[in-house]
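Peer 1:
There are 2 protein chains.
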Amino acid sequence: MAVDAPHPQPTLDEVAELAGVSRSVASRALNNAPHVSRAKREAVARAVRQLGYVPNPTARALATRHTGAAALVVAGEDPSIFADPFFAQVIVGASAALEEADLHLMLCLAASDRGRKRVERLLRAKGADGAMLMALREDDPLVPVAEQAKMPVVFGGRPVGPAPRWYVDVDNVGGAREATEYLISRGRTRVAMICGRLDTEAGRARYRGYRDAMLAAGLDPFPPREGDFTEPSGAAAMAALLAERPDLDGVFAANDNMGAGALRTLREAGRRVPDDVSVVGFDDLAVAGLADPPLTTVHQPINALGREMARMLVALVDGQDPTPLILPTRLVTRSSA
Amino acid sequence: MAVDAPHPQPTLDEVAELAGVSRSVASRALNNAPHVSRAKREAVARAVRQLGYVPNPTARALATRHTGAAALVVAGEDPSIFADPFFAQVIVGASAALEEADLHLMLCLAASDRGRKRVERLLRAKGADGAMLMALREDDPLVPVAEQAKMPVVFGGRPVGPAPRWYVDVDNVGGAREATEYLISRGRTRVAMICGRLDTEAGRARYRGYRDAMLAAGLDPFPPREGDFTEPSGAAAMAALLAERPDLDGVFAANDNMGAGALRTLREAGRRVPDDVSVVGFDDLAVAGLADPPLTTVHQPINALGREMARMLVALVDGQDPTPLILPTRLVTRSSA
DNA sequence: CCACAGACTGGAAGCGCTTCCAGTCCTCCG
DNA sequence: CGGAGGACTGGAAGCGCTTCCAGTCTGTGG
Chain A
1 MAVDAPHPQP
11 TLDEVAELAG
21 VSRSVASRAL
31 NNAPHVSRAK
41 REAVARAVRQ
51 LGYVPNPTAR
61 ALATRHTGAA
71 ALVVAGEDPS
81 IFADPFFAQV
91 IVGASAALEE
101 ADLHLMLCLA
111 ASDRGRKRVE
121 RLLRAKGADG
131 AMLMALREDD
141 PLVPVAEQAK
151 MPVVFGGRPV
161 GPAPRWYVDV
171 DNVGGAREAT
181 EYLISRGRTR
191 VAMICGRLDT
201 EAGRARYRGY
211 RDAMLAAGLD
221 PFPPREGDFT
231 EPSGAAAMAA
241 LLAERPDLDG
251 VFAANDNMGA
261 GALRTLREAG
271 RRVPDDVSVV
281 GFDDLAVAGL
291 ADPPLTTVHQ
301 PINALGREMA
311 RMLVALVDGQ
321 DPTPLILPTR
331 LVTRSSA
Chain B
1 MAVDAPHPQP
11 TLDEVAELAG
21 VSRSVASRAL
31 NNAPHVSRAK
41 REAVARAVRQ
51 LGYVPNPTAR
61 ALATRHTGAA
71 ALVVAGEDPS
81 IFADPFFAQV
91 IVGASAALEE
101 ADLHLMLCLA
111 ASDRGRKRVE
121 RLLRAKGADG
131 AMLMALREDD
141 PLVPVAEQAK
151 MPVVFGGRPV
161 GPAPRWYVDV
171 DNVGGAREAT
181 EYLISRGRTR
191 VAMICGRLDT
201 EAGRARYRGY
211 RDAMLAAGLD
221 PFPPREGDFT
231 EPSGAAAMAA
241 LLAERPDLDG
251 VFAANDNMGA
261 GALRTLREAG
271 RRVPDDVSVV
281 GFDDLAVAGL
291 ADPPLTTVHQ
301 PINALGREMA
311 RMLVALVDGQ
321 DPTPLILPTR
331 LVTRSSA
């Protein structure tokens with residue numbers, strides 16, 4: 001039963017007074033730290049209940065120098081990048097892991113200049129205990145910001161350039177290679193690739209995997225045909241590819257969205273999938289299963305990506321020094337190849 | 001050029017000292033408050049630059065009693081509800097509006113018991129300046145929590161039961177009515193509905209709109225056939241419906257996911273869409289355009305929903321008293337009906 | 001019976017910033 | 001030329017919590 005508190009928001013002092021102990025003891029009791037007798041511990045608990053006391057996180061943060069929050073910043077020059085269900089899954093994973101460490105999640109969409117400025121402030125001012133950075137592009141203005149950060153930073157997906165100290169990534173090269181090898185194993189020899197943006201490491205790595213597999217099989221890799229990870233860009237790339245190389249018999253798309261776009265173009269062009277052209281995607285998002293025909297694709301553990309990023313960050317905040325992590329991918333065969 | 005600061009993290013005191021002013025003046029200069037001469041203002045600015053000073057948000061929060069953050073909490077008993085791209089769009093809208101008010105976004109996925117506990121703490125302890133609540137179900141444990149909140153709370157979508165003081169919602173009834181009327185106008189007379197969860201207000205309202213339209217046209221509304229807003233549940237509901245009423249010629253699905261599921265079942269059952277059966281969805285998410293055939297659906301302004309929620313919250317934090325808002329929907333015709 | 005660990009305790013000093021308030025210094029008007 | 005306003009200024013008191021530290025109070029072994 002709630003009792004009217006003297007103040008709208010009771011403070012630790014009032015709890016201490018009601019419990020008949022000093023503020024120090026009350027504080028220790030609250031954080032169940034040692035050096036508090038059983039009796040006082042209970043008295044404090046009682047007072048807390050009676051007053052409906054909840055510690056003020058801000059004050060605690062100021063005293064402990066820990067905010068109790070971790071930031072997840074999603075870069076990209078356009079906020080709509082966040083509409084990709086990929087991020088939602090990362091968030092679910094990260095959120096669960098942070099919850100275990102009792103950290104809150106601050107989500108920063110750093111698309112605009114203003115947004116980036118705010119992230120910079122946050123990182124330099126210790127507005128959180130740590131940060132996870134995702135979707136950085138080549139020469140992303142957030143890279144120097146990350147270096148200036150006054151807190152640990154974990155990258156989700158390596159940025160282009162030298163690998164950072166801490167990151168979690170997915171085996172993009174291996175996944176792309178496997179996808180391409182699969183197409184080749186199905187007898188495809190003229191396999192094109194619709195790349196993702198080549199100013200992202202994922203985009204590059206997936207093309208590398210494709211090229212490696214093609215070369216290893218003694219086939220000619222197609223030059224990179226760049227899309228921007230969206231469905232329309234995949235459709236457009238497919239159309240261009242078809243015009244240039246009408247004889248192609250396989251396509252590896254750097255993600256499912258573009259794969260779905262490719263399927264649409266192929267359908268409209270009257271090519272049968274997989275009979276005339278086989279298609280493989282990457283990501284294994286819902287769209288892959290919904291596409292027509294359902295898209296064979298490279299599954300990446302997105303949820304785990306978020307979870308491991310968060311865990312790594314928690315370890316760092318705890319003063320440990322975790323090692324980078326690369327998560328495995330796996331081919332999921334459906335009917336498009 | 002960065003200069004080594006005396007402390008790893010310079011404080012306002014050091015800035016003041018370097019600028020040769022008192023801390024009060026430095027503080028005022030920083031927040032460009034009045035009563036600071038031009039000269040000192042500049043001196044402070046110079047010192048800030050020289051020291052690379054960034055104010056500590058926590059200390060500021062403690063002093064001002066404003067955290068500078070707003071919480072967006074997504075209820076639901078299963079974290080995977082968040083995978084619905086709907087939320088990503090809300091976030092993009094809310095994030096942009098919060099950015100304008102210079103508030104950070106804390107994202108709380110309150111699916112687990114533990115998660116709810118943390119939300120409760122956050123709301124009762126003033127861990128943020130305000131909160132936006134979404135996806136509450138009937139008798140959601142978060143409703144009482146919201147009432148105890150020591151901060152303004154805006155609801156995204158009315159919860160079941162009495163309307164809260166502040167909310168932003170979409171015209172679910174009107175949208176559903178329009179969708180149903182459209183089906184009827186296309187000559188459909190045996191129109192079934194695949195409802196969303198009826199323990200949500202959106203689920204109920206959309207069924208109400210459907211029923212209203214049917215009755216107004218002198219047709220018999222089907223009893224509610226409940227799904228849970230996912231694609232498989234839509235497919236299952238469609239199968240059940242087909243078994244029960246093989247003669248149906250129209251289906252209104254309470255969202256696009258279920259609409260897509262219905263399309264799949266219809267295709268597998270050999271029914272032609274829209275020739276044999278017309279289908280209309282709700283949401284106008286990407287899946288609607290990607291479905292086969294592309295889904296006619298009720299567009300709801302999801303981005304605006306997030307934006308307006310955030311704006312309303314900002315107004316409340318500023319001490320204003322905004323009025324609830326209901327956003328209009330609009331029918332988007334594609335080829336499924 | 002006394003000295004001494006060791007468990008408790010509470011006073012006090014912060015954490016870094018805002019803001020009230022009493023004072024100082026000008027300037028301008030009557 | 002005196003005094004009333006104003007514009008500035010900086011000292012000091014918080015915001016609510018943690019934590020160091022010196023002191024108190026046990027109980028125990030010698």
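Residue numbers (the UniProt record's numbering), protein chains in the order written: chain A, 1 to 337; chain B, 1 to 337. Virtual Cβ for every residue (Gly too), placed ideally from N, Cα, C.
#1: Compare the C-beta of Gly130 of chain A with all C-beta atoms of chain B and state if any pair is closer than 8 angstroms.
#2: On a Cα-Cα basis, can you pick out the residue from A:Trp166, A:Val251 and A:Arg137 that is closest to Ala131 of chain A?
#3: Relative to the C-alpha of Val92 of chain A, which candidate in B:Asp292, B:Ala125 and B:Leu107 has its C-alpha closest?
#4: Count the other CB atoms within 10 Å of the CB of Asn172 of chain A; is the residue buried (16 or more) or exposed (fewer)?
#5: Assign Asp318 of chain A to one of two classes, buried (16 or more other C-beta atoms within 10 Å of its C-beta) or exposed (fewer than that).
#6: Whose C-beta lies closer than 8 angstroms to the C-beta of Asp256 of chain B among residues of the same chain, with five residues either side of it excluded?
#7: Using Cβ-Cβ distances below 8 angstroms, what residues of the segment 91-106 of chain B are close to chain A?
#8: First and last residue of the beta strand (DSSP E) that includes Leu90 of chain B?
#9: How is the beta strand (DSSP E) around Leu198 of chain B delimited, first residue to last?
#10: Going by beta carbon distance, what residues of the same chain come within less than 6 angstroms of Arg190 of chain A, once the five residues before and after it are set aside?
#11: What residue from B:Ala337, B:Arg208 and B:Ile302 has the CA that sits closest to Ile326 of chain B's CA?
#12: Closer than 7 angstroms by beta-carbon distance: list the chain A residues that pair up with Gly127 of chain B, in chain order.
#13: Alpha carbon to alpha carbon, how far is Arg60 of chain A from Ala47 of chain A? Give it in angstroms, no decimals.
#14: What are the boundary residues of the beta strand (DSSP E) that Tyr167 of chain A is part of?
#15: If you measure from the beta carbon of Gln89 of chain A to each beta carbon in chain B, is any gap under 8 angstroms?
#16: Take Ala205 of chain A and list the residues in its own chain whose beta-carbon comes closer than 6 angstroms to its own, dropping the five residues that flank it on each side.
#17: Pick out the complete beta strand (DSSP E) segments inside the segment 270-318 of chain B, 3 residues or longer, and give them in chain order.
#18: With Val145 of chain A as the anchor, note down where its alpha helix (DSSP H) starts and where it stops.
#19: Pop quiz: Ala75 of chain B and Ala101 of chain B are said to be a contact at Cβ under 8 angstroms. What is the actual Cβ separation, rounded to whole angstroms?
#20: Quick one: complete alpha helix (DSSP H) runs, 4+ long, within the segment 17-85 of chain A?
#21: Can you pull the chain A neighbours of residue 358 of chain B, defined as C-beta to C-beta under 8 angstroms?
#22: Could you check what DSSP says for Met214 of chain A in three-state terms: helix, strand or coil?
#23: Inspect the beta-carbon positions of Asp228 of chain B and Arg197 of chain B and report whether they are closer than 8 angstroms.
#24: Does the beta-carbon distance from residue 338 of chain A to Ala310 of chain A come in below 8 angstroms?
#25: Can you pull the DSSP bridge partners for Ala240 of chain A?
#26: Short of 6 angstroms in beta carbon distance, which residues of its chain neighbour Gln89 of chain B, apart from the five on each side in sequence? Order them along the chain.
#27: When you compare only the Cα positions, how much space is there between Pro324 of chain A and Leu142 of chain B?
#28: Indicate whether at least one CB of chain A lies closer than 8 angstroms to the CB of Pro85 of chain B.
#29: Any beta carbon of chain B sitting closer than 8 angstroms to that of residue 408 of chain A?
#30: Can you find a CB in chain B that lies within less than 8 angstroms of the CB of Val3 of chain A?
#31: What is the DSSP secondary structure of Gly227 of chain B, counted as helix, strand or coil?
Peer 2: Looking at the atomic coordinates:
#1: For the purposes of this step, residue 130 of chain A is taken as the residue at position 130 of the first sequence. No, its Cβ sits nowhere closer than 8 angstroms to a Cβ of chain B.
#2: One-based indexing of the first sequence puts residue 131 of chain A at position 131. When only C-alpha atoms are compared, the closest one is A:Trp166.
#3: What you label residue 92 of chain A is simply residue 92 of the first sequence in a count that begins at 1. Of B:Asp292, B:Ala125 and B:Leu107, the residue nearest in Cα terms is B:Leu107.
#4: Reading the first sequence from its first residue, position 172 is the one you call residue 172 of chain A. Flag for Asn172 of chain A reads buried.
#5: Along the first sequence, one-based indexing puts residue 318 of chain A at 318. That one is exposed.
#6: Here residue 256 of chain B corresponds to residue number 256 of the second sequence, with the count starting at 1. Excluding residues within five positions, the ones whose Cβ falls inside 8 angstroms are Gly281, Phe282, Asp283, Asp284, Leu285, Val287, Ala288, Ala291, Leu295 and Thr297.
#7: Ile91, Val92, Ser95, Ala96, Glu99, Asp102, His104, Leu105 and Met106
#8: Counting from one through the second sequence, the residue named residue 90 of chain B turns up at place 90. Checking the displayed sequence, the identity of residue 90 of chain B turns out to be Val instead of Leu. That residue, Val90 of chain B, is in no beta strand (DSSP E); its alpha helix (DSSP H) goes Pro85 to Glu100.
#9: Here residue 198 of chain B refers to the residue found at position 198 when the second sequence is read from its first residue. Looking at the DSSP string, Leu198 of chain B is not in any beta strand (DSSP E), and its letter there is neither H nor E.
#10: Stepping through the first sequence from its first residue, residue 190 of chain A is reached at position 190. Excluding five sequence positions before and after Arg190 of chain A, the CB atoms of its chain that fall closer than 6 angstroms to its own CB belong to Asp247, Leu248 and Asp249, given in chain order.
#11: Along the second sequence, read from residue 1 onward, the residue named residue 326 of chain B stands at position 326. Per the Cα distances, B:Ile302.
#12: Translated into the one-based positions of the second sequence, residue 127 of chain B becomes position 127. Residues of chain A passing the Cβ test: Pro57.
#13: As a working note, residue 47 of chain A is residue 47 in the first sequence. As a working note, residue 60 of chain A is residue 60 in the first sequence. Rounded to the nearest angstrom, the two C-alpha atoms are 19 angstroms apart.
#14: As a first step, residue 167 of chain A is located in the first sequence; it is residue number 167 there, counting from the start. From DSSP, the beta strand (DSSP E) with Tyr167 of chain A extends over Tyr167 to Val170.
#15: Taking the first residue of the first sequence as position 1, residue 89 of chain A is located at position 89. With 8 angstroms as the cut-off, Gln89 of chain A counts as an interface residue toward chain B.
#16: On the first sequence, residue 205 of chain A is found 205 positions in, with the first residue counted as 1. The residues are Asn172 and Val173.
#17: 278-283 and 296-299
#18: Reading the first sequence from its first residue, position 145 is the one you call residue 145 of chain A. Where Val145 of chain A is concerned, the enclosing alpha helix (DSSP H) stretches over Leu142 to Gln148.
#19: Your numbering for residue 75 of chain B matches position 75 in the second sequence. Your numbering for residue 101 of chain B matches position 101 in the second sequence. Not really, about 24 angstroms apart at Cβ, beyond 8 angstroms.
#20: 23-30, 38-51 and 57-64
#21: Because chain B here runs from 1 to 337, residue 358 of chain B falls outside it and cannot be looked at.
#22: In the first sequence, counting from the first residue as 1, residue 214 of chain A sits at position 214. Of the three classes helix, strand and coil, the one that applies to Met214 of chain A here is helix, per DSSP.
#23: The residue given as residue 228 of chain B occupies position 228 in the second sequence. The residue given as residue 197 of chain B occupies position 197 in the second sequence. In contact: Asp228 of chain B and Arg197 of chain B (Cβ atoms closer than 8 angstroms).
#24: Residue 338 of chain A is absent from the structure shown; chain A starts at 1 and stops at 337.
#25: Counting from one through the first sequence, the residue named residue 240 of chain A turns up at place 240. Its beta-bridge partners do not exist; DSSP assigns none.
#26: By one-based count along the second sequence, residue 89 of chain B stands at place 89. For Gln89 of chain B, where only same-chain residues beyond five positions count, the Cβ hits under 6 angstroms are Ile302 and Asn303.
#27: As a working note, residue 324 of chain A is residue 324 in the first sequence. As a working note, residue 142 of chain B is residue 142 in the second sequence. Computed Cα separation, rounded: 38 angstroms.
#28: Looking up residue 85 of chain B in the second sequence gives position 85. With 8 angstroms as the cut-off, Pro85 of chain B counts as an interface residue toward chain A.
#29: Since the first residue of chain A shown is 1 and the last is 337, residue 408 of chain A is not available in this structure.
#30: Residue mapping note: residue 3 of chain A aligns to position 3 of the first sequence, counting from 1. In this predicted model, Val3 of chain A has a pLDDT of only 39, less than 50, meaning its place in the structure is not dependable; the value taken from the coordinates is given anyway. No, Val3 of chain A lies away from the interface with chain B (no Cβ there is under 8 angstroms from its Cβ).
#31: Counted from its first residue, the second sequence places residue 227 of chain B at position 227. In this structure, Gly227 of chain B counts as coil in the three-state DSSP scheme.
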